[in-house]
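*Asks:*
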Amino acid sequence: MQPAFTVRTPFANLGVKVEQGCVAGIQAVANSLDLPPLTELDKKITRQLNQYCKQQTDCFDVSLKLNGTPFQKKVWRELRRIPPGKVTTYGAIAEKLHTSPRAVGNACRRNPVLLMVPCHRVVSSSGLGGFAGKTRGKWPGIKRKLLQHEGVILD
DNA sequence: TGTTTTGGGGCTG
DNA sequence: CAGCCCCAAAACA
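Going by my numbering, the letters in the first sequence line up with residues 12 to 166, in that order.
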């Protein structure tokens, strides 16, 4: 089955199947595509992603070595403190870091690990906000589904 | 609904 | 280094 979209991680490309308004399952694209065999770390990530889909909670205990500017790392570190089921705004993050909402969105846009750095839990003050670098198209819809999966009530 | 301000990154020279 | 453009925002009229 073709995954609805691909989650980018430092370790592997993982397909995520989205159906009926929630994230229903994860499958490693490696099974169906020409990708190298999964390493132990890949399998661990896959297990944790599966667990996220079942339990709607974060189980990501891998240490991420993210490439980014010092500012981006500060923003990403702040994002990882947002628990599942909670959302915050670009403005609130900006206030904590003494910067501007615009700059926070810029750093979110460059987040390489969706889900593990939960940028989907940051919304605009006047709506959903963008996701995966896009403000239109399917990605904002996926953001919405991830939030619904975590039990967030959206207007 | 517009328009204006905004901070950081990436690019060019 | 400076100048310029791009943005997943926000405030305001």
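Don't be surprised by glycine CBs; every beta carbon is placed ideally from N, CA and C.
(1) Considering only residues of the same chain and omitting the five flanking positions on each side of residue 157, which have a CB-CB separation below 6 Å?
(2) Distance, Cα to Cα, residue 94 vs residue 78?
(3) Considering just the uninterrupted stretch of the alpha helix (DSSP H) at residue 81, what are its terminal residues?
(4) Which same chain residues, not among the five before or five after residue 150, have their C-beta less than 6 Å away from its C-beta?
(5) Between residue 136 and residue 102, is the Cβ-Cβ spacing less than 7 Å?
(6) With respect to 6 Å, is the separation between the Cβ of residue 166 and the closest non-hydrogen atom of the ligand FMN below this value?
(7) Do you know whose CA, among 164, 146, 128, lies nearest residue 69's CA?
(8) By the three-class DSSP mapping on this structure, what secondary structure does residue 98 have?
(9) For residue 115, does the three-state DSSP call read helix, strand or coil?
(10) Return the chain-ordered list of same chain residues with a C-beta closer than 6 Å to the C-beta of residue 140, the five sequence neighbours on each side being excluded.
(11) Out of curiosity, what's the CA-to-CA distance linking residue 89 and residue 160?
*Replies:* So, from the listed chains and residues:
(1) For residue 157, where only same-chain residues beyond five positions count, the Cβ hits under 6 Å are 131.
(2) Their Cα atoms are separated by approximately 23 Å.
(3) Its alpha helix (DSSP H) spans residues 81-90.
(4) If we look at residue 150 and ignore the five residues flanking it on each side, its Cβ neighbours are 142, 143.
(5) Taking 7 Å as the Cβ cut-off, residue 136 and residue 102 qualify as a contacting pair.
(6) Because no ligand of any kind appears in the structure shown, any question about the ligand FMN cannot be addressed here.
(7) Restricting attention to 164, 146, 128, the CA atom closest to the CA of residue 69 is found in 128.
(8) In this structure, residue 98 counts as coil in the three-state DSSP scheme.
(9) Of the three classes helix, strand and coil, the one that applies to residue 115 here is helix, per DSSP.
(10) Cβ within range, chain order: 134.
(11) Straight through space, the alpha carbons of residue 160 and residue 89 are spaced by roughly 21 Å.
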